[in-house]
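Numbering (this note's numbering), first residue to last: 193 to 365.
Comments concern the structure below.
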Ligand code: AR6
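This is how it looks when you write it as structure tokens:
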């Protein structure tokens, strides 16, 4: 079990699975979602579109996760999850964010994969305060990884500032 905080463009990482911070349609968007779709190529969008809808336009409800191949990415798979939109913190945001990390790791284990990179889910457009998100993420990962040995987790930050916040949370946890 290892958890490392790194600075990188997640689309460049050669791991079993990278996690996408998507929206419930799974049909792409901005931020890391846009970057992953651009780097994976159009086959990723086709694979997402082929996933079943649980409600009109919803292929992945908030807190859940879905897996596709990575296509042109160096990563073999993409695990798409949908983080909560921050609405002040009293609307189940921590529990929903925790579900994202748990469900992504569970998919990884179900598919017998062992290395995964997460972006800072919800910390961009969705507005989750990074220090609070990092606390939830690290506590959840530590708890899950206590049960699943030999998983390599990379927490992939896109800026020095984000890296400092996540590194601090890792040390404090
Ligand atoms: N590699 C690693 N991290 C990145 C990259 C990259 N290439 N690009 C951005 N980030 P966001 P959210 C960081 O907004 O808050 C999309 O439109 C970014 O700096 O991508 O969960 C979806 O379709 C930030 O720290 O995701 C949804 O509609 C973090 O990734 C919505 O945004 C997450 O920022 C999801 O919002």
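Ideal Cβ positions, reconstructed from N, Cα and C, are used throughout, including at glycine.
For this session: Pull up the CB-CB distance for residue 224 and residue 322, whole angstroms please, since I reckon it's below 8 angstroms.
Result: Along the chain shown, one-based indexing puts residue 224 at 32. Along the chain shown, one-based indexing puts residue 322 at 130. Their Cβ separation, rounded to whole angstroms, is 14 angstroms, which puts residue 224 and residue 322 out of contact at 8 angstroms.
For this session: My understanding is that residue 259 touches residue 288, with C-beta atoms under 8 angstroms, so please give their C-beta distance in whole angstroms.
Result: Residue 259 sits at position 67 when you count from the first residue of the chain shown. Residue 288 sits at position 96 when you count from the first residue of the chain shown. About 19 angstroms; that fails the 8 angstroms criterion.
For this session: Could you tell me if the beta carbon of residue 316 falls within a distance shorter than 6 angstroms of some heavy atom in the ligand AR6?
Result: Against the chain shown, residue 316 aligns to sequence position 124. Yes, the Cβ of residue 316 comes within 6 angstroms of a heavy atom of the ligand AR6.
Exercise. Just to confirm, does residue 231 get its C-beta within under 6 angstroms of one of the non-hydrogen atoms of the ligand AR6?
Worked result: In the chain shown, residue 231 corresponds to position 39, counting from 1. Not under cutoff, so the answer is no.
Exercise. With C-beta atoms as the reference, is residue 346 less than 7 angstroms away from residue 196?
Worked result: On the chain shown, position 154 is the one that residue 346 refers to. On the chain shown, position 4 is the one that residue 196 refers to. Contact: yes.
For this session: Note down the Cα distance separating residue 357 from residue 351, rounded to an integer number of angstroms.
Result: Taking the first residue of the chain shown as 1, we reach residue 357 at position 165. Taking the first residue of the chain shown as 1, we reach residue 351 at position 159. Approximately 10 angstroms, taken between the alpha carbons.
For this session: Note down the Cα distance separating residue 226 from residue 339, rounded to an integer number of angstroms.
Result: Within the chain shown, numbered from 1, the residue matching residue 226 stands at position 34. Within the chain shown, numbered from 1, the residue matching residue 339 stands at position 147. Approximately 33 angstroms, taken between the alpha carbons.
Exercise. According to the neighbour-count rule (16 or more other Cβ atoms, all chains shown, within 10 Å of its Cβ), is residue 233 buried or exposed?
Worked result: As a working note, residue 233 is residue 41 in the chain shown. That one is exposed.
Exercise. Who are the Cβ neighbours of residue 236 in its own chain at under 6 angstroms, not counting the five residues just before and after it?
Worked result: Counted from its first residue, the chain shown places residue 236 at position 44. So the qualifying residues of the chain are 229, 263.
Exercise. Among residues of its own chain, excluding the 5 on either side of residue 239, which ones have a beta-carbon nearer than 8 angstroms to its beta-carbon?
Worked result: As a working note, residue 239 is residue 47 in the chain shown. Within the same chain, and ignoring the five residues on either side of residue 239 in sequence, the residues whose Cβ sits closer than 8 angstroms to its Cβ are 260, 261, 263.
Exercise. With C-beta atoms as the reference, is residue 328 less than 7 angstroms away from residue 276?
Worked result: In the chain shown, the residue the question calls residue 328 occupies position 136. In the chain shown, the residue the question calls residue 276 occupies position 84. For residue 328 and residue 276, no; Cβs fall outside 7 angstroms.
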